[in-house]
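Participant:
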Amino acid sequence: MKDKSYKVLFLVFHGFSEHNGISKKIWGQINGLKFIGVDVILCYYSVEADGSRVWKVGCEILVDFGRGPIAKIRKRIDYRAISEYVQKNKFQLIYIRSDHNANPFTLNMVKMMRLSGAKVLMEIPTYPYDQEYVTLRMRLELAVDRLYRKKLAKQLDAFVTFSDARTIFGQRAISISNGIDFSAIPVRKPQEGAEKRTIHLLGVAEIHYWHGFDRLVRGLGIYKQSHADCQIIFHLVGQFSGDRERSSILEPIAQFNLQQNVVLHGPLWGEELDAIFNLSDFAIGSLGRHRSGIQVIKTLKNREYAARGIPFIYSESDADFDGQPYVLKASPDETAIDITKILEFLKNEKFYPACIRNSILDLSWAEQMNKVLQTF
């Protein structure tokens with residue numbers, strides 16, 4: 031437990047959205063640090079209502095780049111205001127969330143931060159990440175990061191990772207789990223009453239190709255071919271990140287005539303999202319992480335499902351959940367998900383939401399962020 035004299039600057043290269051999962055995660059991390067007694071100040075980039083591009087510290091504007099093309103360029107290369115703020119305020123720790131933006135300007139910023147006497151950590155939310163850059167334009171954007179990231183790594187005190195990597199780009203890595211802000215996630219309340227005949231499956235995400243939900247849809251289509259009276263509904267909550275993701279779901283729906291079995295809800299939150307969890311029997315985690323070259327990762331989604339108290343399936347390796355009785359593992363490949371295995375899993379086990387949730391109390395953000403602080 032640190033005292034209030036221990037100051038942390040939490041630096042994020044983007045803004046926030048109330049219902050965005052990444053935003054919720056960052057606030058969970060900040061609240062976790064505050065819970066263990068740390069004085070945390072958030073510094074982040076934002077586009078204001080009038081189009082001005084600014085860096086903020088808390089609710090105050092640190093620097094205003096104005097509007098227009100020059101402002102767009104300056105926000106990517108001009109970090110002087112942040113470096114000067116760090117110099118003046120004497121932080122013990124700078125915690126940076128990587129935006130895959132290693133370049134001469136971020137490199138110089140970190141050098142200036144180190145001169146203040148602060149330790150500088152960089153969290154890489156997903157590692158490795160090169161495979162996520164699939165288009166030519168994306169790969170060109172990544173090229174600068176690839177050129178400078180080892181140089182940037184030398185200036186850091188450590189990376190923070192949710193993988194099992196011991197080192198990243200030649201720098202030591204602190205491995206933690208994605209945490210949970212339990213106060214923000216209610217435990218589900220399964221529907222009571224007459225025995226349900228319909229099985230409800232649920233996937234919640236901003237839908238990317240590596241979520242692999244198409245494997246579940248194809249599996250549902252194959253199951254329906256031999257079970258004409260199929261009473262299984264897959265609820266997919268979230269928006270598609272691109273045309274590839276959309277077509278990967280819509281095509282098997284049309285191919286297998288699953289219009290009555292797959293419901294595309296779009297983004298939901300609050301009471302509407304709670305209601306879907308209460309209705310659902312089983313949740314779908316990532317089924318395609320192998321598509322981006324990842325075998326081991328501690329995803330936030332697995333932890334959110336467990337906090338809700340719902341059994342779930344995923345295909346990667348996650349030491350916090352592999353072997354748990356409420357988890358069904360899928361193979362990390364392109365085979366369709368065997369729906370029969372899910373049904374047998376649900377039939378043979380009784381799952382209590384509170385028990386599932388209680389199994390991960392050590393995964394609070396306070397516990398995970400404290401692991402980071404204890405390394406110094």
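The opening position of the sequence shown corresponds to residue 31 in my numbering, with each subsequent residue numbered one higher.
A virtual CB, placed ideally from N, CA and C, is assigned to each residue, including glycine.
Quick caveat, the model's predicted, so the values are computed rather than measured.
Do K105 and L137 come within 8 Å of each other at the CB atom, strictly closer than that value?
Facilitator: no
Participant: Could you check which residue in Y239, E78, E301, N400 has the C-alpha nearest to that of D273?
Facilitator: Y239
Participant: Taking the beta strand (DSSP E) that W251 falls in, what are its first and last residues?
Facilitator: The question names Trp, yet the displayed sequence has Gly at residue 251. Segment 243-256 is the alpha helix (DSSP H) holding G251; no beta strand (DSSP E) there.
Participant: State the Cα-Cα distance for the pair F381 and G339, rounded to the nearest angstrom.
Facilitator: Inter-residue distance for F381 and G339 is about 8 Å (C-alpha atoms, whole angstroms).
Participant: Can you give, in chain order, each stretch of the alpha helix (DSSP H) that sits fully within the stretch 54-122 and has at least 4 residues?
Facilitator: 99-107, 110-119
Participant: Let's see if you can read the secondary structure: which residues bound the beta strand (DSSP E) around Y344?
Facilitator: Per DSSP, Y344 belongs to the beta strand (DSSP E) from 342-344.
Participant: For G353 versus H241, is the C-beta distance shorter than 8 Å?
Facilitator: Taking 8 Å as the Cβ cut-off, G353 and H241 do not qualify as a contacting pair.
Participant: Quick one: grab the DSSP three-state call for I124.
Facilitator: strand
Participant: With distances taken between CB atoms, is the gap from V234 to F264 smaller than 8 Å?
Facilitator: no
Participant: M152 bridges to which residues according to DSSP?
Facilitator: I126, F189
Participant: What is the rounded straight-line gap between the Cα of L123 and the Cα of K331?
Facilitator: 28 Å
Participant: If you follow the alpha helix (DSSP H) that K141 is part of, which residue opens it and which one closes it?
Facilitator: 134-145
Participant: Which one of N119, P134, E275 has the shortest CA to CA distance from D108?
Facilitator: P134
Participant: Pop quiz: A384 and V217 are said to be a contact at Cβ under 8 Å. What is the actual Cβ separation, rounded to whole angstroms?
Facilitator: 6 Å
Participant: Nearest-angstrom Cα distance between P155 and I52?
Facilitator: 10 Å
Participant: Which two residues bound the contiguous alpha helix (DSSP H) that contains A337?
Facilitator: 330-338
Participant: For P362, count neighbouring Cβ atoms within 10 angstroms of its own Cβ and tell me buried if that reaches 16, exposed if not.
Facilitator: buried
Participant: Between H49 and the rest of its own chain, which residues show a CB-CB distance below 6 Å, the 5 nearest in sequence each way excluded?
Facilitator: The answer, listed in chain order, is W299.
Participant: With DSSP as the reference, label G51 as helix, strand or coil.
Facilitator: The DSSP-derived three-state label of G51 is helix.
Participant: Take F43 as the anchor and find which of V357, C73, D368 has the nearest alpha-carbon.
Facilitator: Of V357, C73, D368, the residue nearest in Cα terms is C73.
Participant: Under DSSP, the alpha helix (DSSP H) around Q325 begins and ends at which residues?
Facilitator: From DSSP, Q325 is part of no alpha helix (DSSP H); its letter is neither H nor E.
Participant: In chain order, what residues of the same chain have a beta carbon less than 7 Å from the beta carbon of I215, not counting five sequence neighbours either side?
Facilitator: E334, A337, R338
Participant: Distance, Cα to Cα, Q269 vs S146?
Facilitator: 42 Å
Participant: With a Cβ-Cβ cutoff of 8 Å, do I229 and L373 count as a contact?
Facilitator: yes
Participant: Give me whichever residues DSSP pairs with T197 in a beta bridge.
Facilitator: DSSP lists R202 as partners of T197.
Participant: Please state the DSSP three-state secondary structure of A224.
Facilitator: Here the model assigns A224 a pLDDT of 49, short of 50, so the residue's position is not dependable, and the following value carries that caveat. A224 falls in the coil class under three-state DSSP.
Participant: CA-CA distance, S193 and D259?
Facilitator: 42 Å
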